[in-house]
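Take a look at the structure set out below.
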Amino acid sequence: MSWLGAGIGAGIGMVFGGPIGAALGAWIGSSFGSGLRNVGDTAKLNRDGAQAVFIVTLFSMLAKMAKADGQVSKAEVDLIDDFIKNNLRLGEEERAEAIRIFQNAKTDSYSIYDYAKQYRQLVRNQAMREVVYRLLFAVAHADGQLHRAEEEILRRIPTYLGLHESIFSAMAGEFGNRGASSAVSLEQHYAVLGCSPDVSDRELKLAYRRKAAEFHPDKIASKGLPDEFLRHAEDQMKSVTVAYETIVAARKRSAASETA
1 MSWLGAGIGA GIGMVFGGPI GAALGAWIGS SFGSGLRNVG DTAKLNRDGA QAVFIVTLFS
61 MLAKMAKADG QVSKAEVDLI DDFIKNNLRL GEEERAEAIR IFQNAKTDSY SIYDYAKQYR
121 QLVRNQAMRE VVYRLLFAVA HADGQLHRAE EEILRRIPTY LGLHESIFSA MAGEFGNRGA
181 SSAVSLEQHY AVLGCSPDVS DRELKLAYRR KAAEFHPDKI ASKGLPDEFL RHAEDQMKSV
241 TVAYETIVAA RKRSAASETA
């Protein structure tokens, strides 16, 4: 079943107001207008509702990212389409819906930060918000380079999504900056776990377990992440594991050198 069919079947014919409500209404279409109801920004979403909100938010934000330099070029449209088909591996029906959301958002009056701020209000689960950020990062790097306007968005938007600002350096280390020094790389690993280098070994392990639990496929799927996007949650979980193992190894080397 398509996202649209699942959303309507689950009763997601509702308007939240704000950018996501407007985008959701445009996606569902005016023919369903009589069934819409305003539930406010603090409504509790079931899985299908959370999934519909995730999809609308993501592809609307991708449209804003593509338009960051003032216009959406054919090359950017082709890049997004390639990302939808090859990275997300969507079927034809889901791809058509994603493009429709993308096209609607290109001309609306909201900013990417408006979408991010409301998504934070609607979705309390931090892992879901981190997946949105990861996907924005992936698209920004899809052409092999990070443009100035894209970098500005990626630096600013964690605040609006309710994420720690260190997530930018963590993602930059994964998607770019692979030739960075080991010291910088280690700082980025701490950023992935959301903690600082001065935490104890026990606190480090707790941070790792907390992050690993957040990105467990079963848990994040239950929060509303569509199956097609689970691979990106799994990528985030791998980053968490690599970060922890790298830090532990670095601490062991440091302890060994001090006792030598």
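When the letters of the sequence shown are read in order and numbered with our numbering, they come out as residues 1 to 260. Every residue gets a Cβ at the ideal spot worked out from N, C-alpha and C, and that includes glycine.
Assignment of N46 by DSSP, reduced to helix, strand and coil, places it in the coil class.
In this structure, M61 lies away from Y113, with their beta-carbon atoms at least 7 Å apart. Your pair L163 and A243 does not check out as a contact, with CB atoms roughly 16 Å apart and the cut at 8 Å.
Straight through space, the alpha carbons of K219 and R210 are spaced by roughly 12 Å. At a Cβ-Cβ threshold of 7 Å, V53 and L122 count as neighbours.
Note on K252: under 16 other CB atoms within 10 angstroms of its CB, so exposed under the neighbour-count rule.
If you check the CB distance, V56 and I101 come in under 7 Å. In the three-state DSSP reduction, H232 falls in the helix class (H, G or I). Apart from sequence neighbours up to five positions away, the residues of its chain that approach S239 with a beta-carbon distance below 8 Å are A170, E174, V192, ordered along the chain. The alpha-carbon separation between H141 and G176 amounts to approximately 8 Å. A50 sits buried, since 16 or more C-beta atoms from the chains shown fall within 10 Å of its C-beta. If you draw a 10 Å sphere on the C-beta of H147, you find fewer than 16 other C-beta atoms in it, and that means exposed. Taken in chain order, the whole alpha helix (DSSP H) runs of length 4 or more contained in the segment 186 to 245 are 201 to 214, 217 to 222.
Between D69 and the set G224, I153, T241, A207, the nearest pair of CA atoms involves I153.
Between the C-alpha atoms of D48 and G224 there is a straight-line separation of about 6 Å. In this structure, A96 and I80 do not form a Cβ contact; the two beta carbons are roughly 13 Å apart against a cut-off of 8 Å.
Of the candidates D235, S109, S257, D235 places its Cα closest to the Cα of Y133. Excluding five sequence positions before and after E76, the CB atoms of its chain that fall closer than 6 Å to its own CB belong to A66, given in chain order. A Cβ-Cβ contact shorter than 7 Å links K106 with A63.
Cβ-Cβ distances below 7 Å link V139 to L62, M65, I80, F83 in the same chain, with the five nearest sequence neighbours on each side left out; the list follows chain order.
If you ignore the 5 residues before and after E203, its C-beta comes within less than 8 Å of the C-beta of C195, all in its own chain and listed in chain order.
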